[in-house]
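**Q**
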Amino acid sequence: MQTYFPNLRNNPAAAWIATFVVAALLIALPFAFGLLGNAWVRALAFALLYIMLALGLNIVVGFAGLLDLGYIAFYAVGAYMYALLASPHLASQFAWIAQTFPTGLHSSIWFVIPLGAGIAALFGILLGAPVLKLRGDYLAIVTLGFGEIIRIFLNNLNAPLNITNGPQGITLIDPVRIAGVNFGRPQNLFGIELPSVYLYYYLFLVLTIITIVICVRLQDSRLGRAWMAIREDEIAAKAMGINVRNVKLLAFALGATFGGVSGAMFSAFQGFVSPESFVLGESIIVLSMVVLGGLGHVPGVVLGAVLLALFPEVLRHTVQPVQTMLFGKVIVEAEVLRMMLYGLAMVFIMLYRPKGIWPAPEHGVNPSSRAGKVEAA
Amino acid sequence: MADVVLRVTGVNKRFGGLQALSDVGIQIERGQIYGLIGPNGAGKTTFFNVITGLYAPDSGTFELDGKPYSPHEVHRVAAAGIARTFQNIRLFPDMTALENVMVGRHVRTKATALGAILRTRATVREESAIKQRSLELLDYVGIRKYADYQARTLAYGDQRRLEIARALATEPKLLALDEPAAGMNATEKLALRELLVAISRDGVTILLIEHDVKLVMGLCDRVTVLDYGKMIAMGNPADVQRDPAVIEAYLGGGHASVAAKAQPA
Amino acid sequence: MDTFLQQVINGLVLGSMYSLIALGYTMVYGILNLINFAHGDVLTVGALTSLTTTLLLQAMFPGMPGWVVLLGGLLAAIPVCVTLSLVIERVAYRPLRNAPRLAPLITAIGVSIVLQTIAMLVWGRNFLTYPQLIPNHPINIGGATVTLTKVAVITLSALVMIGLMLLVNRTRLGRAMRATAENPRVASLMGVNPNFVIAATFAIGAALAALAGVMLATTYGVAHFYMGFLPGLKAFTAAVLGGIGNVPGAMIGGLLLGLIEALGAGYIGQLTGGVFGSNYQDVFAFLILVGVLIFRPSGLLGERVADRA
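Going down the list, the sequences are from chains A, B and C. The first sequence begins at 1 in the working numbering and counts up by one. The second sequence begins at 378 in the working numbering and counts up by one. The third sequence begins at 643 in the working numbering and counts up by one.
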């Protein structure tokens with residue numbers, strides 16, 4: 001952050017004002033978008049979930065340099081974990097659960113978030129441990145394989161014991177409840193009626209900000225340096241005493257926790273989960289947010305996530321009506337157009353701006369980029 | 378009883394059809410500057426890689442500071458106390474010089490992810506100490522003014538110094554340098570020599586692979602000569618220099634008498 | 643419950659197709675160290691092109707015998723796939739030959755997505771029926787039923803693979819390909835034009851993919867815009883299983899994977915006491931993929947590469 005706003009460090013007053021302005025904008029955002037319809041606020045809430053996912057994947061791919069093509073598996077783990085612990089499904093399948101929990105399975109968010117983080121981290125370690133010694137593209141393919149294996153299991157664990165309810169998914173998932181406030185119902189705050197989706201937006205906003213802070217702090221720490229060292233030269237890193245294997249595992253586990261927590265939130269928000277939400281395509285979308293945004297660069301990744309999450313909404317609301325207006329019917333569906341533009345974007349960005357649209361600024365001083373003038377400190 | 382920092386015996390290493398090392402050993406006393414020399418391909422870097430854990434030996438015993446150590450995991454060897462530099466300089470090119478040295482402090486510090494996230498007082502204090510010590514080391518090797526420069530923009534000689542600073546940051550019992558003077562001109566070599574003397578005087582034991590015979594002779598307390606993976610001579614530099622087997626290895630047969638007459642006093 | 647022989651034959655049919663696709667992956671990886679993610683989608687385009695062509699031929703020449711129509715479809719698919727593959731190589735991969743590993747991988751994924759959407763636009767989203775062009779009365783061999791299609795797939799694949807081995811080992815182009823795979827710079831010093839060799843590699847791979855696509859569509863009677871994804875991924879597994887970069891390895895890997903999948907799907911119910919059924923078939927390929935890469939990344943026929951500092 002220092003690189004962008006050096007004057008803020010020296011001017012605390014300016015820093016506070018800037019923070020208030022940004023905070024006010026973020027708080028007002030759903031009201032502005034709400035004018036266009038609640039669907040847009042929903043899109044904003046999903047965009048926040050994507051930001052968290054992208055930041056989590058950024059730890060793995062951007063900070064530690066490990067290409068993970070199966071990241072969505074952690075999202076799935078978190079989502080299904082919450083779904084199982086906060087819906088009538090398990091009670092309806094297993095009599096002993098129904099007996100132990102006569103009022104049904106309900107879980108408080110204070111319990112679910114740490115649990116989701118923990119289970120996802122565990123999966124991260126289980127999946128990461130055997131594959132960390134693999135080279136770049138092999139690691140990518142193996143993680144892709146893992147992601148698909150998890151999805152197939154989620155899709156098929158409905159017999160002989162119905163755990164995940166297969167392709168139909170799990171429904172009637174509890175909304176989030178904090179301090180008696182039910183996020184699934186509109187609430188009245190200072191006389192303003194806030195629809196449920198606004199509440200989720202604010203919740204996700206808080207979580208996203210926490211995520212960003214965690215990422216920035218990790219980046220500038222002993223661990224962040226170790227990740228960067230591994231990325232630059234793994235053997236030299238080892239020679240400096242860094243336990244490369246454990247540090248990589250830590251990246252996997254930490255990245256996974258972000259996925260797990262956002263998965264649990266997704267589950268509560270949508271009220272319903274099915275394996276369809278966790279296909280390979282989703283892993284690729286999150287990866288493209290990281291890569292297109294600016295690999296390893298937190299602001300870039302946030303921007304990439306926002307653009308790629310909101311862009312389809314924009315498309316949906318413009319492309320189809322325009323085509324109907326011009327041609328009388330929709331020739332190219334928004335969904336198809338969105339995918340095509342995605343693919344093209346990936347190709348073009350790799351060809352022309354491989355570091356992303358907002359890459360990290362040059363790290364440290366590079367005298368050759370300062371018109372030959374060498375500065376003495 | 379001499380205070381031995383590194384004692385290695387009976388190292389054998391075979392790569393397919395090539396016996397790279399045959400029964401090689403070394404014994405370095407605390408505070409010594411020990412040289413490992415020999416013609417190209419003699420096995421010096423291979424031996425280095427074995428004792429620092431990069432290659433697994435076929436056999437050998439390894440003791441650091443009297444305690445056996447296992448040369449099988451590079452990071453454990455570094456944690457035990459052997460720090461090394463590389464023949465082809467392996468810095469972290471896109472990190473600044475300061476950050477490179479700070480990475481060197483990793484193994485002697487312990488801040489965790491949780492500490493970083495919560496920004497505990499202990500973590501903040503440790504970070505500050507890391508930065509402080511790293512700046513001191515940069516100063517020690519003479520490149521303090523390049524602290525915020527990307528490592529790959531540094532001049533060649535400064536990059537070598539940076540690599541040494543980074544290795545020193547790990548608080549090693551033994552500093553192992555793989556051809557630190559390679560590619561340097563006479564002036565740079567002199568400066569390097571001064572640095573190494575200072576390091577030795579400050580209590581760090583040094584093991585050195587070098588090609589520059591003059592540098593080695595003027596700097597090292599003891600020297601081992603390798604040729605074709607075998608030790609052919611060991612002792613103080615002056616004696617080794619006159620050893621006919623050594624001369625033959627470097628210059629080929631028939632030069633022994635000529636070289637013997639040309640020795641400096 | 644199919645007999646053991648039946649499973650084996652099914653496995654060989656599946657495996658032959660996997661081999662053809664795997665060859666494309668392995669040859670490209672051998673030369674460029676690139677996983678051509680778009681390979682499966684080239685297959686899709688080939689299959690769908692042949693579908694359109696066969697429907698067209700059937701409409702224009704109602705009396706034409708089935709196998710001629712099929713041949714026509716294949717002959718239309720091959721040039722389309724080859725051209726497509728060459729364009730992709732030239733536009734998306736060649737500029738990134740010296741880029742860090744991540745870039746061509748992302749680009750390949752992007753190309754794959756673009757191809758899928760093009761297929762979606764041209765042929766729609768639905769599953770399309772592939773016409774039955776080869777008479778399919780069952781032939782009985784030792785208790786197992788085989789159709790002419792299956793025999794054709796196995797035989798044709800075998801012939802093509804023999805042809806490819808001859809090409810790689812006995813011709814000048816084959817020598818050039820092997821040399822470039824080993825060391826492109828030295829090969830170019832010997833007068834080999836790397837761009838030409840790379841283009842030829844992509845072209846051959848694409849032709850094989852077109853053939854495999856037609857075989858898939860004919861065997862299962864269906865074609866759609868996403869049909870190449872899973873076979874492509876499995877064929878990649880087969881290539882890794884055999885040793886990525888190794889041509890005979892891809893052939894063996896493909897056949898082996900097909901057999902494991904067929905036999906596994908057939909017997910998994912019995913083996914696990916009904917807990918896991920054949921709906922877990924796809925998991926086999928992924929488990930093999932993960933297992934091979936973890937325990938023996940060089941594959942069955944690949945070289946063990948020691949890790950040197």
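Here a beta-carbon is modelled for each residue, glycine too, at the ideal position from N, C-alpha and C.
Look at the alpha carbon of C/Pro780 and the alpha carbon of C/Gln758, and state the distance between them as a whole number of angstroms.
**A** Start at 1 with the first residue of the third sequence, and residue 780 of chain C comes out as number 138. Start at 1 with the first residue of the third sequence, and residue 758 of chain C comes out as number 116. Their backbone Cα atoms lie some 35 angstroms apart in a straight line.
**Q** Can we say the region 487 to 494 of chain B touches the region 462 to 469 of chain B, given the rule of at least three CB pairs closer than 8 angstroms?
**A** Not touching, per the Cβ criterion.
**Q** Do we get a CB-CB distance below 8 angstroms when we pair B/His449 with the residues of chain A?
**A** Taking the first residue of the second sequence as position 1, residue 449 of chain B is located at position 72. B/His449 does not count as touching chain A.
**Q** Go ahead and label B/Lys487 buried or exposed: buried means 16 or more other beta carbons lie within 10 angstroms of its beta carbon, across all protein chains shown.
**A** Here residue 487 of chain B is taken as the residue at index 110 of the second sequence, counted from 1. Its Cβ having fewer than 16 others within 10 Å, B/Lys487 is exposed.
**Q** Since B/Pro445 sits in a beta bridge, which residues does DSSP pair it with?
**A** Position 68 of the second sequence, counted from the first residue, corresponds to residue 445 of chain B. Its beta-bridge partners are B/Glu440.
**Q** Have a look at C/Pro939, C/Leu647, C/Leu665, C/Phe646 and flag the residue whose alpha-carbon is nearest the alpha-carbon of C/Ala854.
**A** Numbered from its first residue, the third sequence carries residue 854 of chain C at position 212. Ranking the options by Cα distance to C/Ala854, first place goes to C/Leu665.
**Q** Does the distance from the CB of A/Leu53 to the CB of A/Tyr75 come in under 8 angstroms?
**A** Mapped onto the first sequence, residue 53 of chain A falls at position 53. Mapped onto the first sequence, residue 75 of chain A falls at position 75. Against a cut-off of 8 angstroms, the Cβ pair of A/Tyr75 and A/Leu53 comes out as a contact.
**Q** Beta carbon of B/Asp586, beta carbon of B/Glu556: below 8 angstroms?
**A** Within the second sequence, numbered from 1, the residue matching residue 586 of chain B stands at position 209. Within the second sequence, numbered from 1, the residue matching residue 556 of chain B stands at position 179. Sequence inspection shows Ile at residue 586 of chain B; the Asp mentioned does not correspond to that position. For B/Ile586 and B/Glu556, yes; Cβs fall inside 8 angstroms.
**Q** Return the CA-CA distance between A/Glu362 and B/Ala474, expressed in angstroms with no decimal places.
**A** The residue given as residue 362 of chain A occupies position 362 in the first sequence. The residue given as residue 474 of chain B occupies position 97 in the second sequence. Each residue's alpha carbon lies about 14 angstroms from the other.
**Q** Using a Cβ-Cβ cutoff of 7 angstroms, what residues of the region 168 to 189 of chain A are near chain C? List them in chain order.
**A** Result list empty, no residue passes.
**Q** State the Cα-Cα distance for the pair A/Ile27 and A/Ile192, rounded to the nearest angstrom.
**A** Reading the first sequence from its first residue, position 27 is the one you call residue 27 of chain A. Reading the first sequence from its first residue, position 192 is the one you call residue 192 of chain A. Each residue's Cα considered, the two are about 13 angstroms apart.
**Q** For the region 889 to 904 of chain C, which residues have a beta carbon sitting closer than 7 angstroms to at least one beta carbon of chain A?
**A** Answer set for the region 889 to 904 of chain C: empty.
**Q** Roughly how many angstroms separate the alpha carbons of B/Glu513 and A/Ala239, rounded to a whole number?
**A** Position 136 of the second sequence, counted from the first residue, corresponds to residue 513 of chain B. Position 239 of the first sequence, counted from the first residue, corresponds to residue 239 of chain A. Distance between the alpha carbons of B/Glu513 and A/Ala239: 21 angstroms.
**Q** May I ask you to verify whether the region 698 to 716 of chain C touches the region 813 to 833 of chain C, counting CB pairs closer than 8 angstroms and requiring at least 3?
**A** The region 698 to 716 of chain C is not in contact with the region 813 to 833 of chain C.
**Q** Could you work out which residues of chain C lie near A/Met240, taking near to mean beta carbons separated by less than 7 angstroms?
**A** Here residue 240 of chain A corresponds to residue number 240 of the first sequence, with the count starting at 1. Those do not exist, as A/Met240 stays about 14 angstroms from chain C at its closest Cβ, beyond 7 angstroms.
**Q** Quick check on the burial criterion: 16 or more other C-beta atoms within 10 angstroms. Buried or exposed for A/Ala377?
**A** The count along the first sequence starts at 1 and reaches residue 377 of chain A at position 377. Note that A/Ala377 has pLDDT 37, beneath the 50 cutoff, so the model's placement of it is unreliable and the number below is only indicative. Exposed, because fewer than 16 other Cβ atoms sit within 10 Å of the Cβ of A/Ala377.
**Q** Assuming C/Met659 contacts C/Pro873 (C-beta within less than 8 angstroms), just tell me the rounded distance between them.
**A** The residue given as residue 659 of chain C occupies position 17 in the third sequence. The residue given as residue 873 of chain C occupies position 231 in the third sequence. Sure, about 7 angstroms apart at Cβ, within 8 angstroms.
**Q** Determine contact between the region 64 to 73 of chain A and the region 272 to 283 of chain A, defined as no fewer than three beta-carbon pairs at a distance below 8 angstroms.
**A** In short, these stretches touch, since the Cβ pair count reaches three.
**Q** Note down, in chain order, each residue of its chain lying with its Cβ closer than 7 angstroms to the Cβ of B/Val451, except the 5 sequence neighbours on either side.
**A** Residue numbering aside, residue 451 of chain B sits at position 74 when the second sequence is read from its first letter. Answer for B/Val451: Thr429, Gly430, Leu431, listed in chain order.
**Q** Looking at the strands, I want to know which residues DSSP matches up with A/Lys329.
**A** As a working note, residue 329 of chain A is residue 329 in the first sequence. In the DSSP output, where bridge partners are listed per residue, A/Lys329 has none listed.
**Q** Quick one: what does DSSP say B/Tyr411 is sitting in, helix, strand or coil?
**A** Position 34 of the second sequence holds residue 411 of chain B. Residue state, collapsed to three classes: strand.
**Q** Quick check on C/Tyr667 - is its C-beta less than 8 angstroms from some C-beta in chain A?
**A** Against the third sequence, residue 667 of chain C aligns to sequence position 25. No, because no Cβ of chain A sits closer than 8 angstroms to the Cβ of C/Tyr667.
**Q** Does the distance from the CB of A/Gly304 to the CB of A/Pro359 come in under 8 angstroms?
**A** The sequence position of residue 304 of chain A within the first sequence is 304, counting from 1. The sequence position of residue 359 of chain A within the first sequence is 359, counting from 1. Against a cut-off of 8 angstroms, the Cβ pair of A/Pro359 and A/Gly304 comes out as no contact.
**Q** In angstroms with no decimal places, state the Cα-to-Cα distance between A/Asn389 and A/Ala83.
**A** There is simply no residue 389 of chain A to check, as chain A begins at 1 and stops at 377 in what is shown.
**Q** Look up C/Asn811 in the DSSP assignment and say whether it is helix, strand or coil.
**A** Reading the third sequence from its first residue, position 169 is the one you call residue 811 of chain C. The answer is helix: DSSP assigns C/Asn811 an H, G or I state.
**Q** What three-state label does DSSP hand C/Met659 in the structure shown?
**A** Counted from its first residue, the third sequence places residue 659 of chain C at position 17. Reduced to three states, the DSSP call for C/Met659 is helix.
**Q** If the cut is a Cβ gap below 7 angstroms, which residues of chain C does A/Ala13 touch?
**A** The sequence position of residue 13 of chain A within the first sequence is 13, counting from 1. Result: empty, since nearest Cβ-Cβ is about 42 angstroms, beyond 7 angstroms.
**Q** For B/Val401, does the count of other Cβ atoms within 10 angstroms reach 16, so buried, or fall short, so exposed?
**A** If you number the second sequence from 1, residue 401 of chain B lands on position 24. By the neighbour-count rule (16 or more Cβ atoms within 10 Å), B/Val401 is buried.
**Q** Measure how close the beta-carbons of A/Ile235 and A/Lys248 come, nearest whole angstrom, since I'm counting them as under 8 angstroms.
**A** Within the first sequence, residue 235 of chain A is the residue found at index 235, counting from 1. Within the first sequence, residue 248 of chain A is the residue found at index 248, counting from 1. About 14 angstroms separates the two Cβ atoms, so there is no contact after all.
**Q** Can you tell me which of C/Met819, C/Asn768, C/Leu770, C/Thr789 puts its alpha carbon nearest to the alpha carbon of C/Ile776?
**A** As a working note, residue 776 of chain C is residue 134 in the third sequence. Measuring from the Cα of C/Ile776, the nearest candidate turns out to be C/Thr789.
**Q** Count the other C-beta atoms from every protein chain shown that fall within 10 angstroms of the C-beta of A/Arg222, then say buried if there are 16 or more, exposed otherwise.
**A** Walking along the first sequence from the start, residue 222 of chain A turns up at place 222. Looking at its Cβ environment, which holds 16 or more other Cβ atoms inside 10 Å, A/Arg222 is buried.
**Q** In the DSSP assignment, find the unbroken alpha helix (DSSP H) run with B/Arg521 in it and report its ends.
**A** Within the second sequence, the letter at position 144 stands for residue 521 of chain B. No alpha helix (DSSP H) holds B/Arg521; DSSP gives it neither H nor E.
**Q** So for C/Arg743, helix, strand or coil by DSSP?
**A** As a first step, residue 743 of chain C must be located in the third sequence, where it is residue number 101. Of the three classes helix, strand and coil, the one that applies to C/Arg743 here is coil, per DSSP.
**Q** Between the alpha carbons of C/Met706 and C/Gly653, how many angstroms are there, rounded?
**A** Counted from its first residue, the third sequence places residue 706 of chain C at position 64. Counted from its first residue, the third sequence places residue 653 of chain C at position 11. Approximately 32 angstroms between the Cα atoms of the pair.
**Q** I want to see whether chain A comes within less than 8 angstroms of B/Glu625, judged by CB atoms only; does it?
**A** Counted from its first residue, the second sequence places residue 625 of chain B at position 248. No, its Cβ sits nowhere closer than 8 angstroms to a Cβ of chain A.
**Q** Just tell me which of B/Asp620, B/Ser577, B/Ala460 has its CA closest to the CA of B/Arg485.
**A** As a working note, residue 485 of chain B is residue 108 in the second sequence. If we check each option's Cα against that of B/Arg485, B/Ala460 comes out closest.
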